[in-house]
Amino acid sequence: MSPVVDAVQAALGDAVLAVVPGFGPVTVDVDPASWAAAVAAAAGAGATYADYLTAYDELELGFALVLHVTTPDASDHVLLRTRVPRDRPQVESVVGIHRGLAWHERATHEMFGIGFVGNDDLSPLRTQPSLGAHPLRKDFVLAARVARPWPGEKDPAGDNGRARRRVLPPGVPEGWGDQA
Amino acid sequence: MTEPAVPARSRGVISLVEENCTVCMLCARECPDWCIHIEGHTETLPADEEHRRPRTENVLDRFAIDFSLCLYCGICIEVCPFDALHWSPEHEYAGATLAELTHERDRLAGWEATAPTTAQRDA
Amino acid sequence: MSDGGVLLGLPGLGRPGPAAPLRLAIALGDGAGTRTVALHVAGAGLACCSVELVAAALRRPEARAAGVLEAATDDPAVDVLVVSGTCTDVLAPALRALHASLPAGTPVLSFGACASSGGPYWDSYSVTKGVDQVVPVDVYVPGCPPRPEALVDGLRRLPGIAR
């Protein structure tokens, strides 16, 4: 195993939910309440380089938050992961441990709506403030795909006089926008 | 000062062989950019000596590719079951307007002369 | 096919300022009638196409060594603004300001699919669907990314550059 993983397990005890090997770094799943503690333990064991922080949408399970930290000589690294519930997506910010993650948290908040308590600047980075939604959530529909007529919808056979079920292009859910 | 030769397999522009196209719409549906515009209609051909029953045939009305959107992925060419679309290494078709970057069927057919043959591609 | 190529001169790279021009000399005509037109190209390098623009400009060091071109000067005159890469809605005001900072009437060349129409990101929540939404475009060069031949073809179509 890796010293970093051992340190996280030693510090968190039961708050480590799983240790998952993979092709790359080992993934350590932790309880969201212990997120900052896990990051601190990893940093204390030498994983002081924070590579990236991001998230992905797990639908009804919530949002998975993932942080890749490594030792500066790349001898050891770990993926720290936690899962926050959809109705209350927030963790403690880790900018106190890794200053460089400030914009990572900002971007993750922008894309998923996850709150980082203690990070005082979570303003939008890449989108207009008027967007009013978190684009990387799976329920975010690209409206352009709904609005623009899909060339693949046409059929040379035409309607043949019957009402045809409209074929939707990829990325457009049934009935989206019909309420307008 | 001569130009270095552009490889024959370069993805420059897409050509259309109209007689191969059956208006199956697969390329238009699979294009990730939605930049292929196809219109067609069906015609009924009567029974004759070769065909004992009348049959319907797809007729191509419009085939256009909007190269201002095209990302040159080649999915349309790969998916065509009838080998109606080919890569051509021509690169020089910039335009003063976006409309000039949409090539209709005649222009697409014109690129076919510049498309390499299978033998040339495999050379 | 093309009747000439992009001959190259490089100004001092690393010059400060939003529009440090590349000096590109393009050959017009063919045979005995070939003449060279030098263009100062200001690049708004927004994404991957800007790498291709530089690659196109840098592809013939032997032309420089042969002394075909004058050494680039500090002449700040700009003949064309080449916008290469994806423009996002957040960046669009900066692009408009860059264009406004150039002499009035500077032609604009949109290089690549993203700059021309949004390209593969036409459906994105944050991409401007073509830089012609913010600056007037004179020539659109298709490609993802366009080859150097396509760039030269586009430069030749600029208003004022007689073929």
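Protein chains in written order, with my numbering: chain Y, 384 to 563; chain G, 364 to 486; chain L, 143 to 305. Beta carbons: idealized from backbone N, C-alpha and C, even for Gly.
G/ASP469 (DSSP reduced to helix, strand or coil): helix
Rounded C-alpha distance that separates Y/LEU463 from Y/VAL477: 12 Å
CB contact check: Y/ALA490 to chain L, cutoff 8 Å: no
Under 8 Å from the C-beta of L/SER268: neighbouring residues of chain C: The chain labelled as chain C is not found among the protein chains of the depicted structure, namely Y, G and L.
Strand pairing of Y/ARG482, partner residues [DSSP]: In DSSP, Y/ARG482 forms no bridge with anything.
Boundaries (first-last residue) of the alpha helix (DSSP H) holding Y/GLN392: 386-395
Within 7 Å of chain Y by C-beta, residues of the segment 376-407 of chain G in sequence order: VAL386, MET388, ALA391, ARG392, TRP397, ILE399, HIS400, ILE401, GLU402, GLY403, HIS404, THR405
Simplified DSSP assignment, three categories, for G/ARG372: coil
Cα-Cα separation between L/TRP264 and L/ALA189, rounded to whole angstroms: 15 Å
Collapsed DSSP secondary structure at G/TRP450 in the structure displayed: strand
Closest by C-alpha distance to Y/GLY427, when choosing among Y/HIS487, Y/PRO386, Y/ASN502: Y/PRO386
C-beta atoms of Y/GLN511 and L/ASP274 nearer than 8 Å: Their beta carbons are not under 8 Å apart, which means Y/GLN511 does not touch L/ASP274 by this criterion.
Residues bridged to G/ASN383 (per DSSP): Looking at the DSSP assignment, G/ASN383 forms no beta bridge with any residue, so it has no partner.
Cβ of Y/LYS537 within 8 Å of any chain G Cβ: Answer yes: the Cβ-Cβ gap between Y/LYS537 and chain G drops below 8 Å somewhere.
Straight-line Cα distance separating G/SER378 from L/ALA207: Here L/ALA207 scores only 36 on pLDDT, less than 50, and its place in the model should not be relied on; the value that follows carries that caveat. About 39 Å.
Under 8 Å (Cβ pairs) to chain Y, residues found in the segment 230-254 of chain L: Residues passing the 8 Å Cβ filter: THR230, ASP231, VAL232.
Cβ-based burial, Y/ASN502 [other Cβ within 10 Å; buried from 16]: buried
Range covered by the alpha helix (DSSP H) that runs through G/VAL442: G/VAL442 -> alpha helix (DSSP H) spans 438-442.
Enclosing alpha helix (DSSP H) for G/THR481 [first to last residue]: 481-485
Distance, G/VAL380 Cα to Y/PRO552 Cα: 26 Å
According to DSSP, residues forming a beta bridge with Y/THR510: The partner list for Y/THR510 (beta bridge, DSSP) is empty, contrary to what the question assumes.
Any C-beta of chain L under 8 Å from that of G/HIS449: No, G/HIS449 lies away from the interface with chain L (no Cβ there is under 8 Å from its Cβ).
Neighbouring residues, chain G, relative to Y/PRO534 (Cβ below 7 Å): ALA391, TRP397, ILE399, HIS400, ILE401
Same chain only: Cβ atoms within 6 Å of Y/ASP504, ignoring 5 sequence neighbours per side: none
Exposure of G/ARG374, with buried meaning 16 or more beta-carbon neighbours within 10 Å: buried
L/SER226 - containing beta strand (DSSP E), residue span: 222-226
Y/GLU441 (DSSP reduced to helix, strand or coil): It is coil, neither helix nor strand.
First and last residue of the uninterrupted beta strand (DSSP E) at G/ARG425: 418-429
C-alpha distance - Y/HIS481 paired with L/ALA257, whole-angstrom precision: 36 Å
Burial state of G/LEU408, where buried means 16 or more other Cβ atoms lie within 10 Å: exposed
Backbone CA spacing between L/THR228 and Y/ASP397 [nearest angstrom]: Between L/THR228 and Y/ASP397, the C-alpha separation is close to 47 Å.
At least 3 beta-carbon pairs within less than 8 Å: the segment 417-426 of chain G vs the segment 381-392 of chain G: Contact between the segment 417-426 of chain G and the segment 381-392 of chain G is present, because at least three Cβ pairs lie under 8 Å.
Cα-Cα separation between Y/ASP440 and Y/ARG489, rounded to whole angstroms: Roughly 17 Å separates the two Cα atoms.
Beta-carbon proximity check, Y/THR465 vs Y/PRO415, cutoff 8 Å: For Y/THR465 and Y/PRO415, yes; Cβs fall inside 8 Å.
8 Å Cβ cutoff, Y/ARG464 in contact with chain L: Y/ARG464 does not count as touching chain L.
Selection from Y/ALA433, Y/ALA447, Y/GLY479 that minimises the alpha carbon distance to Y/ALA457: Y/ALA433
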